[in-house]
Each structure stands twice: as C-alpha cells, then as structure tokens.
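**Student:**
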Amino acid sequence: MILQSKKPWKEFLSMAFSISRVFSFPFWVILPSMKHGGKGEEPMEKSLTSSLEKNIKLFQEIFQGDSTIICRRFVSAGTLPLECCIFYCDGMVNNQIINENILRPVTLWDRNQESTLEDTLKTVLQINEAKQSQDVSSMVRDMLYGDTLFLCQGSDRALILNTKGFSMRSIAEPQSEQVLRGPREGFTEGILMNISMIRRKIRSPHLKFEFSQVGEETKTTLCICYVEGVVEPRVLERLRSRLSKVKIDGVLDSNYVQEFIRDSPRSPFKTVGGTEKPDVVAACLLEGRVAVLVDGSPVVLTMPYIFMEQFQSGEDYYVCWHFAAISRLIRLAGFLFAISVVPAYIALITYHREMLPAPLLFSISAAREGVPFPTLLEGIGLLIAFEILREAGERTPAGFGQTLSIVGGLVLGQAAVEARFISAPMVIVVAFSGITGLMLPRLKGPVIWCRLGLIFLSAWLGLYGLFVGLLWLLLHLSTLHSFGVPVLRDAAPGGRGQEDSYFRTPWQKMRRAGRFIAEETNEE
66 MILQSKKPWK EFLSMAFSIS RVFSFPFWVI LPSMKHGGKG EEPMEKSLTS SLEKNIKLFQ
126 EIFQGDSTII CRRFVSAGTL PLECCIFYCD GMVNNQIINE NILRPVTLWD RNQESTLEDT
186 LKTVLQINEA KQSQDVSSMV RDMLYGDTLF LCQGSDRALI LNTKGFSMRS IAEPQSEQVL
246 RGPREGFTEG ILMNISMIRR KIRSPHLKFE FSQVGEETKT TLCICYVEGV VEPRVLERLR
306 SRLSKVKIDG VLDSNYVQEF IRDSPRSPFK TVGGTEKPDV VAACLLEGRV AVLVDGSPVV
366 LTMPYIFMEQ FQSGEDYYVC WHFAAISRLI RLAGFLFAIS VVPAYIALIT YHREMLPAPL
426 LFSISAAREG VPFPTLLEGI GLLIAFEILR EAGERTPAGF GQTLSIVGGL VLGQAAVEAR
486 FISAPMVIVV AFSGITGLML PRLKGPVIWC RLGLIFLSAW LGLYGLFVGL LWLLLHLSTL
546 HSFGVPVLRD AAPGGRGQED SYFRTPWQKM RRAGRFIAEE TNEE
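Numbers given in our numbering equal positions in the sequence shown, counted from 1, plus 65.
1. What would DSSP say about Cys22, mapped onto helix, strand or coil?
2. Per DSSP, what are the beta-bridge partners of Ser277 in this structure?
3. Around the C-beta of Asp344, are 16 or more other C-beta atoms found within 10 angstroms, so that it is buried, or is it exposed?
4. Name the residue from Asp221, Leu145, Leu168 whose alpha carbon lies nearest to the alpha carbon of Thr114.
5. I'd like to know whether the C-beta atoms of Glu242 and Glu380 end up nearer to each other than 7 Å.
6. How do the region 172-192 and the region 249-256 stand: do at least 3 beta-carbon pairs fall below 8 Å, yes or no?
7. Rounded to whole angstroms, what's the CA-CA distance from Leu397 to Arg418? Just pull it up for me.
8. Nearest-angstrom Cα distance between Tyr410 and Leu272?
9. Using only the alpha-carbon positions, how far apart do Val412 and Ala556 sit?
10. So what's Phe388 in DSSP terms, helix, strand or just coil?
11. State yes or no: is the beta carbon of Lys312 nearer than 7 Å to at least one beta carbon in chain B?
12. Between the alpha carbons of Met157 and Glu118, how many angstroms are there, rounded?
13. Near Ser488, which residues of its chain fall below 8 Å by C-beta distance, leaving aside the five closest residues on each side in sequence?
14. Exposed or buried, which one is Gln323 when buried takes at least 16 other CB atoms within 10 Å?
15. Lys229 by DSSP, collapsed to three states: which one?
16. Using CA coordinates, which residue listed in Cys288, Ala524, Ile151 is at the minimum distance from Ile163?
17. How many whole angstroms separate the CB atoms of Leu168 and Phe139, which I take to be in contact at a CB cut-off of 8 Å?
18. To the nearest angstrom, how far is it from the Cα of Phe521 to the Cα of Gly211?
19. Short check: CB of Thr144 to CB of Asn166, under 7 Å?
20. Ser543 to Ile260, Cα distance in whole Å?
21. Is Phe388 near the ligand GTP, judged by its Cβ being under 6 Å from some heavy atom?
22. Could you tell me the alpha carbon to alpha carbon distance between Gln375 and Arg331, rounded to whole angstroms?
23. Assign Phe388 to one of two classes, buried (16 or more other C-beta atoms within 10 Å of its C-beta) or exposed (fewer than that).
24. Taking DSSP as the reference, what is the three-state secondary structure of Asp565?
25. Measuring CA to CA, which of Gly530, Leu535, Leu528 is closest to Val512?
26. With a threshold of 16 other CB atoms inside 10 Å of the CB of Gln161, please say whether the residue is buried or exposed.
27. Do you know how far the Cα of Asp200 is from the Cα of Gln218?
28. May I ask you to report which of helix, strand or coil DSSP gives Arg234?
29. Where does Trp572 land, buried or exposed, given buried means 16+ other C-beta within 10 angstroms?
30. Take the Cβ of Ala423 as the centre, count every other Cβ of all protein chains shown within 10 Å, and call the residue buried at 16 or more, exposed below.
31. Output needed for Asn193: all residues of its chain with C-beta closer than 8 Å, excluding positions within five of it in sequence on either side, in chain order.
32. Just the C-alpha distance for Val357 and Thr415, rounded to the nearest angstrom, thanks.
33. Comparing alpha-carbon positions, which option in Leu477, Leu538, Lys196, Leu351 lies nearest Lys266?
34. What is the residue span of the beta strand (DSSP E) that Phe152 lies within?
35. Pop quiz: Phe325 and Val311 are said to be a contact at Cβ under 8 Å. What is the actual Cβ separation, rounded to whole angstroms?
36. What whole-angstrom Cβ distance do Ile225 and Leu214 have, given they're in contact under 8 Å?
What follows is the structure, encoded as structure tokens:
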C-alpha cells in the first residue's frame, strides 16, 4: 500500500508515529539520515575548494577502499614552493609520462613568484593534452579512463592530464573475416586506435567523428562516424535520436547498443551491420552510411544495413569481378539450400514420393528400412546433433577441432547409420544443408530459424507448406527497414544498386558513393 500511495512519506511517518506509541521508540532519530536517502551528501556532488587538504580528503572519500588509486604529494622548488598532488589509477597510466612530464618539471620548478593554475600548465607541465575542470564527476570519470588529476594549493580547479598508457591487443586479422587477398588488419578494443585506422583509409576533412557516452555506470565512450556531404541527414538524425534513448547501466560491447537502435527487434534478420575490418567500414562510409564505434569492442556497427550485404565479402572487391560474381551467386544458392533442402526432402518422402524417380525411391526406402523414427524426428534430431557439434567446435581449443570432427562426424555418424537409428540419405541431406549454412556466418541465426519453420510446414502440408513458408519469408523481408531504407532495396527488380547486388560488376560501372538515400518511413 505504501508503494501505491501518491505520498509515501506521509504514510511512512504515520506508521512511524504508531510504532513509537506502541514500542516507545524515538523514530525521529532516523529522520536526519532520511533527508538524503540515508547517505547524506554524496562526495561526487561536492565541489573543489582552494584548500589542497580538503580536496585530497574529498577524493579519498570517493575512492575509499580502492587500493589502485594512487595519491602522490610533492612540492616545487624555489622561494615560494607550491604544494601539489596528483591522483591516478594504477595500471591505466603511462608511468614514464607522469615521472618525466609532471613530477620532474614541477619538483625542479624554481618558483619565485605567485602563479595561477593556468601559468603552471603553460610554463611547467609538459603534457600535450590537458584541460581544467571544476566538475568532480567528470574528473573521476576521466581518471578512471587513464587520465591524471593535478591539484595544487590555492586553486579550486584541477587539471586533467592525458597520461593514458593501459595495454591493448595488437592489430591482427579478424578470425571471422579472413581473406586471401586484401587488407588483413582488424579493429581492436581501443576506440582511438580504431578511429586512426579509419582515418588512414579516408584522408578527407569531410570525415567527421562525434563522441558521446552510454551506460550509467560504465560511461562507455561511443563515436558516430560519417562523411559529411555524402551521408543522408535523415539517417543521421534517426541514429542520434535512438542513441539518446539508450538507458542501461553498462555497455561492454557494441551489441548492447545494436539491440537498442535496430529496427524490427523481433525479426531474426539483422538491420544493423557489424564488421571488424577497417576497409569495410571505410567503404560503407563512402557509400553514405554511418558507423558507430564503441570503446572496448572490436566490432563496428554500420547502418543502413541491407539484406544483400550478408552475401558480400570484402574480398569481392579485391579480385577479378568475374570470380567475385560467381562467388556471390554461390553464397546466394547456399542460403537457399541451407533453409530448404531438409524441408524439401521431408516433404517428398512424406507426401510426394511419386515425384521421385523409381531407382532413387527404392534406394531411399531400402535405407530407411528398420529406422524407428519418422522422417520429421529424424531430420530434427540430426540437425540438433549438427548444431551441437558446431557449437562444440567453436568453443573447444583449436587443437581439439580435428579430433571433434572425426569423432562426431565420422565415428558417431557411421555408428548411428549401422545401428539403424538414422538413415544414410538423411545424413547426406543434413550434412549438405549444414555445410551450405557454414558459408554464411552472418546468417547463422536466421538460417536455423527459417530451416526449422520450413521443416514443420513441410511436414504438415508437404511442398505446399514449403512454398508458403518461402513466400512468407519473402513478405517478411519486404516489410523490414533499416533506418528508413528497405532491406530488399538492392534485391528488388529495378532497385538501385543492381550493379553490386546479385553480381559484382566492374569498377567502371559501379557508383559507390551516396547510394543510400533514406525514404520517408514511420519510426517504429
């Protein structure tokens, strides 16, 4: 009842008076602590003073119990020595910069006259990036990100000095986007390093970066990247609007942000792209799209994201266009085979045996003789076993991958066929469907769900169910949009971008810049 009341404090006080009458408890002793929610004034809400001792005590209260926060006090030389102090987070800073560019210059400073904090910054400290601040919360946030706070006696401000020096993973080729030809560098977890890799690809003053923060507790740095004059303004405004509505305690990876800003969150198909390759991001920016970088994540988000992008590879643009066109057609066929081969086999065996040639029908019937399970359960069981083997192969160390494939794929499969648990034709069909699905790692989730849905429709209605399911899939894709752009834009007949859709045409015929112009759509 207290939570439902519009005035909970009055309800609480009346209950307290009643309890005090019964138990003679002086409830008013708890009122001072209730004034500020039981905690009093938060240290983060206080401000700096001109007293160095009070400022040091303030930060010691904020970081009480944290042994990684280092407080170093020192005094300058000269006839008018200045008492100073620095705060920094151990392991997040470059100790050499602190020793040689902060401590050494200040301790050797021959101070013979009064000076301000600005004078100290201009004449003594040897730091290329520094700023003054009176906001305690921003000081704490910057310090936890690797900066150093510089405090001195007589100043109610602090200097935030850039001394970042935490270790990061070196640049390497992404395991999920390996290529035989083309750039092999991949993004890392450091957002500044990722920005520099994009800047090296596009050396233009029109390339813009907008920084913001997400996460109530983590305060994760986020960067919007686009090419001014090429990007569609409506797409950019939609992205800014959605990012401003992200409310979450912590952001540890770009997928956190992706789930907040994507269109049609209930659809298994992605409407926001993701890549770990700087050359792919640079190509997207030159096409008029927007990229979102999240500190701590090597995956950069790109939008708008269309369906045909999932069949494209960065290597398509570094090889001959004849070979790239064939490779893309193979990927498209692989997607259709991955979702429809098993359902078609179940429909033919269950309802349409007359459509099979007699020798093939006799061979399948002989192979299924003695199998105790119907075709539907046999297919679902084998698909589940295949997904288990694939998941185990992804999670096990690299040295055990070959052993797992031999034991799981050969030994268990052969033993199951000989024991008449499953039939050999179903093993062949499921293996073919699984291999074609492995060609498209970006469509891993949609392939699993589409294949499963088509299997049940085929087991229920035969080939009619399969065609109805494929038609429903096409209708579903036609309703999806990515920041105002239909996801089937390049796939539709007569749509824009046909020169880089089903085929990759020569560079002379492709218009790479400014293809994605958002259409007027209602925001969901």
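The beta-carbon is built from N, C-alpha and C at its ideal position, and this holds for glycine as well.
**Tutor:** This is what the structure gives:
1. As displayed, the chain neither begins before 66 nor continues past 589, which places residue 22 out of reach and without an answer.
2. Leu287
3. buried
4. Asp221
5. no
6. no
7. 28 Å
8. 52 Å
9. Correcting the residue identity first, residue 412 is Ala in this sequence and not Val. In a straight line, the C-alpha of Ala412 is about 28 Å away from that of Ala556.
10. helix
11. Within the model displayed, chain B is absent; a lone protein chain is all it includes.
12. 25 Å
13. Ile429, Ala432, Arg433, Val436, Glu443, Val482
14. buried
15. strand
16. Ile151
17. 6 Å
18. 55 Å
19. no
20. 34 Å
21. Questions concerning the ligand GTP fall outside what the structure shown contains, since it holds no ligand whatsoever.
22. 19 Å
23. exposed
24. strand
25. Leu535
26. exposed
27. 18 Å
28. coil
29. exposed
30. exposed
31. Asn227
32. 49 Å
33. Leu351
34. 148-154
35. 5 Å
36. 6 Å
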